[in-house]
Amino acid sequence: MSRRKIIAGNWKMNMTPSEAVALVNELKPLVANDEVDVVFCVPAIDIIPAMKAAEGTNINIGAENMYYEEKGAYTGEISPAMLVDAGVKYVIIGHSERREYFAETDETVNKKVLKAFEHDITPIICCGESLTQREQGITIDWIRQQIKIAFLNVTAEQAKKAVIAYEPIWAIGTGKVATTEQAQEVCAAIRVCIGELYDEATATAIRIQYGGSVSGASAPELFAQPDIDGGLVGGASLKPDFGKIVNYNK
Ligand code: PGA
Numbered sequence: 027m028s029r030r031k032i033i034a035g036n037w038k039m040n041m042t043p044s045e046a047v048a049l050v051n052e053l054k055p056l057v058a059n060d061e062v063d064v065v066f067c068v069p070a071i072d073i074i075p076a077m078k079a080a081e082g083t084n085i086n087i088g089a090e091n092m093y094y095e096e097k098g099a100y101t102g103e104i105s106p107a108m109l110v111d112a113g114v115k116y117v118i119i120g121h122s123e124r125r126e127y128f129a130e131t132d133e134t135v136n137k138k139v140l141k142a143f144e145h146d147i148t149p150i151i152c153c154g155e156s157l158t159q160r161e162q163g164i165t166i167d168w169i170r171q172q173i174k175i176a177f178l179n180v181t182a183e184q185a186k187k188a189v190i191a192y193e194p195i196w197a198i199g200t201g202k203v204a205t206t207e208q209a210q211e212v213c214a215a216i217r218v219c220i221g222e223l224y225d226e227a228t229a230t231a232i233r234i235q236y237g238g239s240v241s242g243a244s245a246p247e248l249f250a251q252p253d254i255d256g257g258l259v260g261g262a263s264l265k266p267d268f269g270k271i272v273n274y275n276k
């Protein structure tokens with residue numbers, strides 16, 4: 027079975043609303059590729075203007091985070107219903123920066139994943155090891171644990187629609203892209219783990235991205251790997267190079 031690739035930009039804390047509109051307009055023609063799913067995950071305040079600017083194109087606008095409660099006294103948080111009402115279909119959950127700076131844990135990631143599915147939003151679930159963990163040789167064990175907790179109480183039907191982003195922390199924003207072999211090895215191990223948690227059909231259906239310093243130059247080889255179904259792209263998603271990444275197959 028061939029899985030449709032999904033290439034997502036993660037804008038992080040960049041772009042004011044007016045800059046967001048300008049960037050969508052600039053990238054629009056460059057990211058036209060109907061053979062892949064294209065998502066721009068943008069800061070919450072940029073979602074609506076970016077959505078308007080992307081109207082009629084192949085660009086999906088996604089969110090970078092959301093909270094796991096429906097509504098109420100949670101100052102500063104964004105609810106799933108707010109995202110749905112704005113037309114959002116994808117949300118990044120558990121990015122390593124949120125884990126590092128905003129105290130997210132595997133448990134909060136799991137709560138957010140369940141809530142996203144409840145609202146029919148596709149979670150892009152992040153996992154990844156630190157350099158120390160890689161050097162200690164515990165990468166696969168660590169990632170398996172992150173995945174097992176993230177998918178607690180998630181049904182097979184839901185899991186089939188999930189997207190997992192494998193992002194080695196040491197490769198994020200460092201220009202130090204994992205080797206194709208390293209990326210493929212972990213993405214394959216994630217698929218095995220999903221197969222153990224669910225079944226073969228779920229493991230075959232789920233899409234697994236690689237993230238960490240992906241560029242137009244590294245994308246073709248990475249995305250040609252059997253278990254890598256696209257990328258989650260930070261720095262390069264703010265530049266015309268994102269067009270090359272999205273059109274890696276041209
Ligand atoms: P990067 O970020 O492409 O700038 O390394 C990737 C990410 O954090 O999603």
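Under my numbering, the first residue of the sequence shown carries the number 27, and numbering increases by one thereafter.
By construction, the Cβ of each residue, glycine as well, lies at the ideal position given by its N, Cα and C atoms.
Any heavy atom of the ligand PGA inside 8 Å of the beta-carbon of Lys38? Yes, the ligand PGA has a heavy atom inside 8 Å of this Cβ.
Could you tell me which residues DSSP pairs with Pro149 in its beta bridges? For Pro149, which the question treats as bridged, DSSP gives the partners Val117.
Can you check whether the CB of Ile150 is closer than 9 Å to the CB of Ile190? Yes, these two residues count as a Cβ contact at 9 Å.
From the DSSP output, which residues share a beta bridge with Ala176? Secondary-structure assignment with DSSP links Ala176 through no beta bridge to anything.
Using the three-state DSSP reduction, which class does Gln162 fall into: helix, strand or coil? Three-state DSSP puts Gln162 in coil, outside helix and strand.
I want to check one thing, is the minimum distance from the CB of Ile169 to the heavy atoms of the ligand PGA below 8 Å? No, the beta carbon of Ile169 sits no closer than 8 Å to any heavy atom of the ligand PGA.
Look up Phe66 in the DSSP assignment and say whether it is helix, strand or coil. In the structure shown, Phe66 adopts extended strand secondary structure according to DSSP, grouped into three states.
Give the secondary structure of Ile198 by DSSP, where H, G and I count as helix, E and B as strand, and everything else as coil. The three-state secondary structure of Ile198, taken from DSSP, is coil.
Nearest-angstrom Cβ-Cβ length linking Ala182 and Tyr127, presumed shorter than 8 Å: With 8 Å as the limit, Ala182 and Tyr127 do not qualify as a contact, their Cβ atoms being about 33 Å apart.
Got a sec? Which residues, its chain only, sit under 8 Å from Val259 by beta carbon, not counting five neighbours each side? Hits under 8 Å: Ile33, Ala34, Gly35, Asn36, Gly237, Val240, Phe268, Ile271.
Looking at the ligand PGA, does it come within less than 8 Å of Ala245, judged from the CB to the closest heavy atom? The nearest non-hydrogen atom of the ligand PGA is 8 Å or more from the C-beta of Ala245.
Nearest-angstrom beta carbon gap, Arg217 and Ala229 [assumed within contact, 8 Å]: About 5 Å separates the two Cβ atoms, so the contact holds.
Tell me whether Gly238 counts as near the ligand PGA, meaning its Cβ is closer than 8 Å to at least one heavy atom of that ligand. Relative to the ligand PGA, Gly238 has its C-beta within less than 8 Å of a heavy atom.
Report the three-state DSSP secondary structure of Tyr127 (helix, strand or coil). In this structure, DSSP gives Tyr127 a helical state, which the three-state scheme calls helix.
Does the ligand PGA have even one heavy atom less than 8 Å from the beta-carbon of Ser263? Checking the Cβ of Ser263 against the ligand PGA gives yes.
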